[in-house]
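Colleague: Each residue of the sequence shown is one higher than the one before, counting from 154 in the numbering used here.
By construction, the Cβ of each residue, glycine as well, lies at the ideal position given by its N, Cα and C atoms.
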Amino acid sequence: MPSAVLFRRMGPDSLADVTRILINGSKGRMGQALLACAKDHPGLRVVAGLDVGDDLEAVLPGVDAVIDFTHHDATAGVAALCATHGKALVIGTTGHSESEKAAIRSAAMHIPMVWASNYSTGVNTLFWLTRKAAEILGPSFDLEVVETHHRLKKDAPSGTATTLLEILGEVRKVQLEDALRHGRHGIVGARTPSEIGIHAVRGGDVVGDHTVLFAAVGERVELTHKASSRETFAQGALRASAWVVGRPPGIYSMQDVLGLR
Ligand SMILES: NC(=O)c1ccc[n+]([C@@H]2O[C@H](COP(=O)([O-])OP(=O)(O)OC[C@H]3O[C@@H](n4cnc5c(N)ncnc54)[C@H](O)[C@@H]3O)[C@@H](O)[C@H]2O)c1
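1. By how many angstroms is the C-alpha of Phe-280 removed from the C-alpha of Pro-401?
2. In chain order, what are the residue ranges of uninterrupted beta strand (DSSP E) at least 3 long that sit wholly in the stretch 334 to 382?
3. Residues bridged to Trp-268 by DSSP?
4. How many angstroms separate the CA atom of Val-341 from the CA atom of Asp-331?
5. Suppose you measure from the CA of Leu-329 to the CA of Gln-185; what does that come to, to the nearest Å?
6. Please state the DSSP three-state secondary structure of His-302.
7. Keeping to the same chain, check which residues put their C-beta closer than 8 Å to that of Ala-256; ignore five residues upstream and five downstream.
8. Counting along the chain, where does the beta strand (DSSP E) carrying Leu-175 start and finish?
9. Give every residue of the same chain whose Cβ lies closer than 7 Å to the Cβ of Leu-411, excluding the five residues on either side of it in the sequence, and list them in chain order.
10. Taking just the CA atoms, how far does Thr-246 sit from Gly-178?
11. Can you tell me the Cβ-Cβ gap for Gly-389 and Tyr-272, rounded? I've got them flagged as a contact below 8 Å.
12. I want to check one thing, is the minimum distance from the CB of Thr-246 to the heavy atoms of ligand 1 below 7 Å?
13. Rounded to the nearest angstrom, what separates Arg-414 and Gln-408 at their Cα positions?
14. Is Ala-233 helix, strand or coil by DSSP?
15. List the whole-angstrom C-beta distance separating Ala-241 from Ile-264, where the pair is believed to meet the contact cut-off of C-beta under 8 Å.
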């Protein structure tokens, strides 16, 4: 049943220096965190919170940017509508299929988008450190990624783990389709030097843990990030929404927003 919530601030104020944002998926865990955190950003105004069944197109003309934390099958349609109406988009949703990704990329030819598997500053630092460690340690170190999330998470491996794997694959110059080893079961034989292991653990209310293991003979290095609150993702996505409005069309990452590139 449609349930769009439109937010109006009482009293006079200037819209000139305020970014008007729409939160899509506002009833979800991340939607609720975004609504709570947005109050701390004087330069942002949440003008609408939408969820399943609401009419996004009807509300779009009054916003500057849309923040989407919904379901993978919703994002391409949101991106197409934003492209039609010339609105910036921040994508937090993960788990997109290749065809959904292609549709999102085609919308990004018309509008600026921040598309990040993880909006926390700490995880974006982990991305940077992972690249550096892989470059420094070299091919004699075996690579494994372990991610842990709450029992309700729908996609696996997590979008953040996928980004970590892409970074490792780039540094090692391997095709991930060939190199990835999803968990192990049975008599799988010895580990090959080129494989990259990925393991998804699910349980309880874990917000999101990621470890990148670099293991050689005689030593190992582990880089770990643990999120204890969704606020860290929400604050990053809100920061991205203020940053992206007015940029040239294209896809930006949280590394761009944080100036880590
Ligand atoms: N990028 C990041 O930093 C980050 C962080 C946390 C979660 N996520 C991702 O964000 C997404 C949402 O996570 P969550 O934990 O809030 O999930 P959730 O299931 O709690 O919330 C999703 C919400 O989206 C709504 N929704 C589904 N389809 C919709 C549609 N077509 N239109 C409008 N609303 C729709 C649902 O009704 C629900 O209220 C997931 O893909 C998750 O992996 C990303």
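Modeller: Quick look at the numbers:
1. Position 248 of the sequence shown holds residue 401. Position 127 of the sequence shown holds residue 280. The straight-line gap from Cα to Cα measures roughly 25 Å.
2. Whole beta strand (DSSP E) segments, 3+ residues: 349 to 355, 361 to 369, 372 to 380.
3. As a working mapping, residue 268 is identified with position 115 in the sequence shown. Within the DSSP bridge table, the entry for Trp-268 names Ile-244 as partners.
4. In the sequence shown, the residue the question calls residue 341 occupies position 188. In the sequence shown, the residue the question calls residue 331 occupies position 178. In this structure, the straight-line span from the alpha carbon of Val-341 to that of Asp-331 is close to 16 Å.
5. In the sequence shown, counting from the first residue as 1, residue 329 sits at position 176. In the sequence shown, counting from the first residue as 1, residue 185 sits at position 32. Distance from the CA of Leu-329 to the CA of Gln-185, rounded to the nearest whole angstrom, comes to 35 Å.
6. As a working mapping, residue 302 is identified with position 149 in the sequence shown. Correct three-state label for His-302: strand.
7. Looking up residue 256 in the sequence shown gives position 103. Closer than 8 Å at the Cβ level, and outside the excluded window around Ala-256, lie Ala-229, Ala-232, Ala-233.
8. Taking the first residue of the sequence shown as position 1, residue 175 is located at position 22. That run of the beta strand (DSSP E) goes 172 to 177.
9. Indexing the sequence shown from 1 puts residue 411 at position 258. Same-chain partners within the cutoff: Thr-274, Asn-277.
10. Here residue 178 corresponds to residue number 25 of the sequence shown, with the count starting at 1. Here residue 246 corresponds to residue number 93 of the sequence shown, with the count starting at 1. The straight-line gap separating the alpha-carbon atoms of Gly-178 and Thr-246 is approximately 10 Å.
11. As a first step, residue 389 must be located in the sequence shown, where it is residue number 236. As a first step, residue 272 must be located in the sequence shown, where it is residue number 119. Rounded, the Cβ-Cβ distance is 3 Å, consistent with contact.
12. Here residue 246 refers to the residue found at position 93 when the sequence shown is read from its first residue. The answer is yes for Thr-246.
13. As a first step, residue 414 must be located in the sequence shown, where it is residue number 261. As a first step, residue 408 must be located in the sequence shown, where it is residue number 255. Taking the straight line joining both Cα atoms gives about 6 Å.
14. Residue numbering aside, residue 233 sits at position 80 when the sequence shown is read from its first letter. The answer is helix: DSSP assigns Ala-233 an H, G or I state.
15. For the purposes of this step, residue 241 is taken as the residue at position 88 of the sequence shown. For the purposes of this step, residue 264 is taken as the residue at position 111 of the sequence shown. Contact between Ala-241 and Ile-264 holds: CB atoms are separated by about 6 Å, below the 8 Å threshold.
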